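As structure tokens, the structure follows; a few thoughts come after it.
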Amino acid sequence: MARHCTLCPLACGADRTTRRGACGGGALARVAKYGLHPFEEPCISCKNGSGTVFFGGCSLGCAFCQNYELSHGQAGNEVSARELSHIFAALEEMGAENINLVTASHYVPQLLEAFRLYRPKVPVVYNTHSYEKLPALRALDTFVDVWLPDLKFFDPKISARYTGKADYFAYASAAVAFMAKRAPQFAGEKMVSGCIVRHLVLPLCTNDSLALIRWFTALRSPAYFSLMGQYTPCGEAERFPELRRRITPREYKKVLSFLRESGIEHIYAQELGSADERFIPDFSPDTKHLF
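With the sequence shown counted from 1, adding 1 to any position gets you my numbering.
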């Protein structure tokens with residue numbers, strides 16, 4: 002990675018020892034904030050909350066990202082692998098149910114070094130947009146217990162419109178197929194191993210959602226499928242007339258009904274009330290808590 006980075010599908014070739022790559026990442030991982038997250042799926046947040054680490058930068062760059070200041074901006078501080086391992090330990094001391102790495106795919110070598118220094122005693126959750134290369138996922142496979150991938154777009158025209166990457170599904174489908182092989186295991190109500198595939202329904206994109214569900218159903222995977230209705234206009238959504246509103250109950254019902262009839266055994270479905278800005282983490286530098 003360091004001298005000629007091809008870690009992610011962008012393969013920008015940056016010398017990350019001297020400058021940032023197209024993802025915004027440099028030689029060190031950049032952490033914006035960490036803390037206990039109470040609003041993940043019930044088997045992830047459980048009683049105490051998921052020990053979430055939000056990383057700065059992103060290789061996908063969705064225009065409507067609710068963490069826009071992280072993914073597109075320069076929020077956060079660079080930390081060494083040792084400092085990152087200390088964050089893992091600090092979250093455990095807070096009572097975290099797991100260590101939840103949010104959008105960390107552009108820091109895989111840094112994660113591997115941190116895990117070599119300290120292996121968390123709680124499950125590790127890898128929370129990704131799925132615009133990933135398989136070698137990176139294979140390198141992490143020994144250290145990740147729960148895969149938590151987003152499956153965002155099926156149609157290349159839609160992914161190109163909102164991310165500039167027409168090849169999103171080509172990479173994400175291979176990545177999700179790899180992650181979704183892991184069968185779920187629980188300790189009480191907590192998932193300690195497995196995969197939950199997430200999909201966020203977007204305005205005017207219900208047919209794309211149905212295509213993704215159809216594809217996932219054909220995998221015959223043991224993974225859970227989590228349907229999200231929390232879309233809230235954020236980031237650069239104002240540039241796209243269709244993204245200036247939340248999804249309608251009719252749109253969500255169409256996708257949810259199709260999902261329930263798909264034959265997928267394990268499903269999570271959000272209430273539309275989750276489309277509320279109070280569920281978006283607070284990344285202000287002067288605040289101590291995420292929510």
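We put the CB at the ideal spot given by N, CA and C, even for glycine.
For clarity, every value in this text was computed on a predicted model and none was experimentally measured.
Distance CB(P121)-CB(E93) smaller than 9 angstroms: yes
Unbroken alpha helix (DSSP H) run spanning S86, endpoints: 82-94
Backbone CA spacing between F292 and G264 [nearest angstrom]: In this prediction, F292 has a pLDDT of 48, which is less than 50 and means its spatial position is unreliable; what the coordinates show is noted afterwards. Between F292 and G264, the C-alpha separation is close to 35 angstroms.
DSSP beta-bridge partners of A176: According to DSSP, A176 bridges with nothing at all.
Close beta carbons around T207, own chain, < 7 angstroms, minus the five adjacent residues each side: E252, K255, V256
Beta-carbon contacts of G27 that lie in its chain and below 6 angstroms, excluding the five residues immediately before and after: R17, R21
7 angstroms CB neighbourhood of I214 in its chain, flanking five on each side removed: F259, L260, S263
Buried/exposed call for Q67, threshold 16 Cβ in 10 Å: buried
Alpha carbon of A115 to alpha carbon of A82, nearest angstrom: 5 angstroms
Three-state secondary structure (DSSP) of F226: strand
Pair within 9 angstroms by beta-carbon distance, W148 and T164: no
Entirely enclosed beta strand (DSSP E) segments - the segment 230-275, minimum 3 residues: 268-270
Coil, strand or helix - D16 by DSSP: coil
Simplified DSSP assignment, three categories, for Y132: coil
T53 burial status per 10 Å Cβ neighbour count (16 or more: buried): buried
Beta strand (DSSP E) segment containing P150, residue limits: 147-150
Contact check, V305 vs A97, beta carbons under 9 angstroms: In the structure displayed, the chain extends from 2 to 292; residue 305 sits before or after that span and is not available.
K166, buried or exposed, once every other Cβ within 10 Å from all chains shown has been counted against 16: buried
Buried or exposed by the 16-neighbour rule on C-beta atoms within 10 Å, applied to A238: buried
Sequence-distant residues of its chain with Cβ nearer than 7 angstroms to Y108 (five each side left out): G26, A30, F56
Rounded separation between L152 and L37 - CA only: 24 angstroms
Endpoints, the beta strand (DSSP E) within which Q186 is located: 186-188
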